[in-house]
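Input: a single structure, listed below in structure tokens.
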Ligand SMILES: C[S@@+](CC[C@H](N)C(=O)[O-])C[C@H]1O[C@@H](n2cnc3c(N)ncnc32)[C@H](O)[C@@H]1O
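Residue numbers (our numbering): 3 to 288.
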């Protein structure tokens, strides 16, 4: 299977593993499903949420900074956009200024201030990376971009759609336990569409499992996620999981329908330096 070229709304953040390009394929599975509610335990920058044909959303991510930012946009986008735009000026696009703002972010405990700085760091830092050290200090170096883009149009679109979303920042295990309780007690319908975009398994034995905010998304976590998918499909939900296509994931998702395809991935800063990588969607149906 090949993936079509993407159209639609891009997220306002650069985000590793963003699914904007995969939306034409993912949307074909959404269109076969007639519930109004989409659940995403690993929402990230929200490429899937933004382009999904649903009217209600339950969105989660372990990263508290990203969820605070999404929640602030939902509640008060006008003030946020005004403040964030002030930081997109040539005088702040210099290494010294970037490092001072990064320090301000790391010292701040105010959700609004951290969110404004988080967008600035995402657009001015190296490759849009989001990385913290063991002490949970953001430590991405300066990006040296000529003219960082202020994503005003994308922020407005996100803020409007976020009015239909409920956000949380939990580990996916806790998130799923809450979801299962709500289904069992009739607070949520069982026929949910749940799209999971976890940190991927390594492509080979020598690569390492992805580390987010000091925590490694290891083999145990991948197994736990597959078990939840099985359990939720048993209750009536459709669960789709994205991952690399490897011997490990083929075995992990053997109870599901597996759709394999190739994506061209940039492996260095040079966009021309692209290699084909095998990915899959594992689809657990009721
Ligand atoms: C591949 S990214 C998702 C990208 C998203 N689909 C998009 O298009 O922007 C994986 C996300 O999982 C989150 N994450 C990592 N470990 C997690 C955990 N244990 N529970 C919930 N979310 C987690 C990360 O913060 C990250 O945003």
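Just so it is clear, CB atoms sit at the ideal spot from N, CA and C, and this is done for glycine as well.
Residue interval of the alpha helix (DSSP H) (run including residue i)
i           : result
residue 183 : 174-186
residue 11  : Careful: residue 11 lies outside any alpha helix (DSSP H) and carries neither H nor E.
residue 50  : 49-53
Coil, strand or helix - residue i by DSSP
i           : result
residue 156 : helix
residue 70  : helix
residue 279 : strand
residue 225 : helix
residue 31  : helix
residue 248 : coil
residue 164 : helix
residue 284 : strand
residue 133 : coil
residue 206 : coil
Member of the options whose CA lies at the smallest distance from the CA of residue i
i           : options               : result
residue 98  : 51, 146, 28 and 134   : 146
residue 246 : 200, 186 and 281      : 281
residue 102 : 132, 143 and 66       : 143
residue 262 : 153, 284, 205 and 218 : 284
residue 235 : 160, 53 and 287       : 287
residue 63  : 188, 276, 169 and 278 : 169
Contacts around residue i, its chain only, beta-carbon distance under 8 angstroms, and the 5 residues preceding and following it disregarded
i           : result
residue 167 : 51, 58, 59, 60, 61, 72 and 76
residue 66  : 171
Opening and closing residue of the beta strand (DSSP E) in which residue i lies
i           : result
residue 57  : Note, residue 57: premise wrong, no beta strand (DSSP E); not H, not E.
residue 263 : 259-268
residue 39  : 39-42
residue 197 : 195-198
Minimum Cβ-Cβ distance from residue i to chain B less than 8 angstroms
i           : result
residue 139 : You won't find chain B in this structure, because it holds only one protein chain.
Proximal residues to residue i (C-beta, below 6 angstroms), its chain only, five neighbours per side dropped
i          : result
residue 19 : none
Own chain, CB closer than 7 angstroms to residue i, minus 5 neighbours either side, in chain order
i           : result
residue 175 : 226
residue 35  : 195 and 240
residue 230 : 178
Quiz item: Which runs of the alpha helix (DSSP H) spanning at least 4 residues fall entirely within the stretch 70-112, listed in chain order?
Solution: DSSP runs (the alpha helix (DSSP H)) wholly in the stretch 70-112: 97-109.
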